[in-house]
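Let me begin by presenting the structure, written as structure tokens, before commenting on it.
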Amino acid sequence: MAVSTLPPSSPSRTVRRGGAGLRALLLRLWRVGLLVAAVLVLRQGVATREAREAVAALQPERLRDFFPEIVSLGEPMPTSGWRAALDGTQKVLGYVATTAPESDGIIGYSGPTNSLLVFSPQGVLTGVRVLKSHDTPDHLAEVIADREFFKQFTNRKPGEPLEKPLHTVTGATLTSAAIAQGVLTRMGQSAGASLRFPEPITLAEVQMLMPEAAELQPSTQYAGGFEVLDAQGKRIGRVVRTSPVTDTMIGYKGPTDTLMLLDPSGQTLKKIALRRSYDTKRYVGYITGDSYFLNLFNDKSLEELADLDYEKAKIEGVSGATETSYSMAEGLKRRAASLLEQRPTGWLRTVTWRWQDWGHVAVIASALVMAFTRLRGRAWVRHGHHALLVVYAGFMAGELLSQGLLTGWAAHGTPWRSAPGLLLLAAVALLGPVFTSKHLYCHHICPHGALQQLLARRLRWQWRVPHGLDKSLSLLPFFLLGLIFLSVVIGWGLNLNALEPFDAYVPRVAGWGSLVLAVVGLVAALFTPLAYCKYGCPTGAVFKLIRFTGDADRLGLKDWIAVGLIALAALV
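Residue numbers (our numbering): 26 to 597.
Structure follows, in structure tokens:
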């Protein structure tokens with residue numbers, strides 16, 4: 026037996042140790058790079074396909090349930106994006122809009138949903154329909170079956186609140202909440218549109234108040250507003266109007282729309298101008314000719330306007346047009362209040378922590394304890410942990426990582442605002458194998474894996490899978506993973522949730538495919554421990570692909586297969 030004569034701290038051994046450390050780091054970065062490349066290719070493929078689908082999403086043929094006499098659709102309105110439904114004589118039958126692109130960033134369980142909004146000629150929402158959803162089919166089916174969910178949005182105009190607290194669908198909470206947020210967001214943005222005053226704000230009228238204005242760009246801060254840019258592209262102000270907030274405010278004979286020029290921050294009113302009015306021309310003339318009245322509101326913050334006391338501010342109506350001028354002043358006050366409601370908040374305040382998310386954090390903590398302490402060697406602790414995973418993480422929370430979930434996130438983004446705990450769980454699952462060499466999710470978090478471990482070796486007779494068959498069956502999860510990856514990029518329309526058993530932990534939304542896989546996998550686990558994990562789980566295959574197994578780890582066949590699949594998908 027050869028014995029090393031090198032001292033422990035010899036330069037040669039130090040160099041070898043340093044080289045091994047560098048190789049380990051590079052291999053970890055390579056695996057993470059493969060994962061990132063797969064996400065980028067998948068996202069690009071999905072985006073290209075969805076761009077084609079969006080063109081055909083709004084066709085007159087798809088709207089005949091709402092407008093039997095529809096022949097064509099008008100051009101999108103500049104401020105709202107609404108399109109008029111027209112008959113053969115170009116008569117307006119109503120209006121339609123979609124929640125996309127605003128809803129594209131609102132992720133439900135695994136992806137966003139684009140909904141159709143149908144309005145009457147008077148601007149009242151009369152119908153909501155899902156046009157295209159990238160959420161899981163089982164969750165979406167549960168939402169569509171709940172008529173009360175869609176009914177709660179109807180018979181309202183843009184900007185009007187719901188009559189009752191928001192109703193979400195049990196068993197599909199994230200999906201229904203995302204659809205609801207998309208509808209309400211679109212209705213809120215449509216609050217910047219008006220059927221009384223459909224004419225959009227123009228550069229010419231802004232230049233009457235600010236001659237140096239050179240360009241208008243839609244505002245990301247205020248619905249229906251614009252950012253005012255100078256010739257160098259620098260923002261020099263923001264501009265909004267009081268309509269449609271004031272559409273129901275009657276002066277002497279009708280409502281009035283007022284232009285509001287704000288400072289670059291959008292927090293202080295600089296100047297106003299009367300845009301349009303249904304009041305008599307004589308009364309309107311009195312106001313436009315009274316520069317004192319028009320300048321009374323200058324340099325007031327939105328807070329000051331929203332809390333304006335006419336007596337303290339010594340604001341009096343214009344002589345001869347008192348009702349019209351007071352209506353205009355009240356419109357400024359109400360519009361300021363509505364603008365304050367649209368103020369952006371810090372990103373942290375937009376994150377909503379559900380009880381499930383706090384539960385996920387607790388599960389992660391318990392998994393780390395089991396993975397890195399000796400407690401996992403005590404049978405009663407191990408079995409108790411497994412039982413907790415099955416009962417809580419499985420049947421109570423019902424949010425298991427799956428290909429339907431992960432590919433949806435890869436294609437459309439993650440629900441970091443609405444499900445931060447679930448996202449943290451996924452991060453631990455993906456990064457754990459790379460940086461700890463441990464399958465944290467498969468061994469210590471997954472409820473289905475935990476249930477299989479509880480069932481393992483409960484029967485005396487166990488089937489020892491022959492070596493050759495074991496080797497062949499072990500490739501099946503990787504084959505399924507490749508099939509799933511290509512199907513998402515190309516758009517084959519596979520129901521990914523039916524390829525895994527995880528929906529079975531939410532029986533209300535589970536399809537037959539998931540239920541059958543769950544039962545078969547659990548029965549198999551009685552005779553071969555962790556049979557599904559070894560021979561059927563594509564989600565587990567992801568973690569195996571990126572896992573760093575130690576200093577002996579090398580680039581292998583699984584790495585080059587992954588490269589080949591990514592390259593093939595990029596060329597499709």
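Glycine included, C-beta positions come from ideal geometry on N, C-alpha and C.
What residues in its chain sit with their C-beta under 7 Å from that of LEU430, if we drop five residues either side in the sequence?
Excluding residues within five positions, the ones whose Cβ falls inside 7 Å are TYR134, SER135.
Run through DSSP, which three-state label would ARG68 get?
DSSP places ARG68 in helix when its eight states are reduced to three.
Following the continuous alpha helix (DSSP H) through GLN242, name the residue where it begins and the one where it ends.
Premise fails: GLN242 lies in the beta strand (DSSP E), 240-243, not in any alpha helix (DSSP H).
If distances are taken between C-alpha atoms only, which option among LEU596, PHE573, PRO491, LEU593 comes closest to LEU54?
Per the Cα distances, PHE573.
With distances taken between CB atoms, is the gap from LEU286 to VAL253 smaller than 9 Å?
Yes, the Cβ-Cβ distance between LEU286 and VAL253 is below 9 Å.
Pick from THR245, ASP90, GLY310: whose alpha carbon is nearest that of THR347?
Considering only alpha carbons, the answer is GLY310.
With 16 other CB atoms within 10 Å as the buried threshold, where does THR273 fall?
Burial state of THR273 is exposed, judged by a 10 Å Cβ sphere holding fewer than 16 other Cβ atoms.
From this set, PHE568, ASP112, ALA203, THR227, which residue's C-alpha is nearest PRO458's C-alpha?
Nearest of PHE568, ASP112, ALA203, THR227 to PRO458, Cα basis: PHE568.
Nearest candidate by alpha-carbon position, reference LEU67, set PRO162, GLN428, ASP334, HIS469:
Looking at the Cα atoms, GLN428 is the closest of the given residues.
Residue burial classification, GLY664 (beta-carbon count within 10 angstroms, cutoff 16)
Residue 664 lies beyond the stretch modelled for the chain, which goes from 26 to 597, so this question has no answer here.
Using a Cβ-based criterion (distance less than 8 Å to any ligand heavy atom), does CYS558 qualify as near the ligand NAD?
This structure simply doesn't include the ligand NAD, nor any ligand for that matter.
Assign ILE515 to one of two classes, buried (16 or more other C-beta atoms within 10 Å of its C-beta) or exposed (fewer than that).
So ILE515 counts as exposed.
Is MET26 helix, strand or coil by DSSP?
Bear in mind that a pLDDT of 45 at MET26, under 50, signals an unreliable position, so the number given afterwards is only what the model happens to contain. The answer is coil: DSSP assigns MET26 none of H, G, I, E or B.
For MET285, the three-state DSSP class (helix, strand or coil):
Correct three-state label for MET285: strand.
My output table needs one value for TYR317: the three-state DSSP class, helix, strand or coil.
DSSP places TYR317 in helix when its eight states are reduced to three.
Could you check the C-alpha separation between PHE397 and LEU465 for me, to the nearest Å?
Straight-line Cα distance between these residues: approximately 10 Å.
If I measure Cβ to Cβ from CYS558 and keep anything under 7 Å in the same chain, skipping five residues before and after, which residues do I get?
Only residues of its own chain outside the window of five on either side were considered, and among them CYS467, GLY474, GLN477, GLY565 have a CB closer than 7 Å to the CB of CYS558, listed in chain order.
Can you give me the start and stop residues for the alpha helix (DSSP H) that ALA404 sits inside?
In the DSSP annotation of this structure, the continuous segment of the alpha helix (DSSP H) that includes ALA404 starts and ends at 404-413.
Considering only C-alpha positions, which residue in the set PHE318, ILE509, GLY148, PRO225 is nearest to PRO563?
The alpha carbon of PRO563 has as its nearest neighbour, out of PHE318, ILE509, GLY148, PRO225, the alpha carbon of ILE509.
Beta-carbon proximity list for ALA197, same chain, < 7 Å, skipping 5 on both sides:
If we look at ALA197 and ignore the five residues flanking it on each side, its Cβ neighbours are HIS164, GLU167, VAL168, VAL534.
My parser needs the beta strand (DSSP E) runs of 3 or more residues fully inside the region 442-466; what are they?
As far as the region 442-466 is concerned, it has no whole beta strand (DSSP E) run of at least 3 residues.
Pick from ILE131, SER145, GLY249: whose alpha carbon is nearest that of ALA203?
Considering only ILE131, SER145, GLY249, the residue with the shortest C-alpha distance to ALA203 is ILE131.
Under the DSSP definition of a beta bridge, which residues are partnered with ILE586?
In the DSSP output, where bridge partners are listed per residue, ILE586 has none listed.
With DSSP as the reference, label TYR335 as helix, strand or coil.
It is coil, neither helix nor strand.
Under 8 Å, with one C-beta from each stretch per pair, do the region 299-318 and the region 222-231 reach the 3-pair mark?
Segments in contact, yes.
Looking only at DSSP bridge pairs, what is ILE297 linked to?
In the DSSP output, where bridge partners are listed per residue, ILE297 has MET285.
Out of ASN323, SER290, THR349, which has the shortest C-alpha to C-alpha gap to ALA338?
With distances taken between Cα atoms, ALA338 lies closest to ASN323.
Identify which residue in ILE586, GLU424, PRO554 has its Cα closest to the Cα of VAL531.
Checking every option, the nearest Cα to that of VAL531 belongs to GLU424.
Secondary structure at VAL531, three-state DSSP: helix, strand or coil?
Secondary structure at VAL531: coil, using DSSP grouped into helix, strand and coil.
Please report the straight-line C-alpha distance between ASP578 and ALA49, rounded to a whole angstrom.
One C-alpha to the other measures close to 8 Å.
Using only alpha-carbon positions, find the residue among TRP585, TYR308, VAL64, THR293 that is nearest to GLY279.
Considering only alpha carbons, the answer is TYR308.
Within 10 angstroms of its Cβ, does VAL71 collect 16 or more other Cβ (buried), or is it exposed?
So VAL71 counts as buried.
Is it right to say PHE527 is buried, meaning 16 or more other beta carbons lie within 10 angstroms of its own, or is it exposed?
Looking at its Cβ environment, which holds 16 or more other Cβ atoms inside 10 Å, PHE527 is buried.
So, with DSSP's three-state summary, where would you put ARG172?
Looking at ARG172 - three-state DSSP - the assignment turns out to be helix.
Along the chain, where does the alpha helix (DSSP H) that runs through ARG489 open and close?
First-last for ARG489: undefined, no H or E at that position.
Which residues share a DSSP beta bridge with SER158?
For SER158, the beta-bridge partners assigned by DSSP are THR138.
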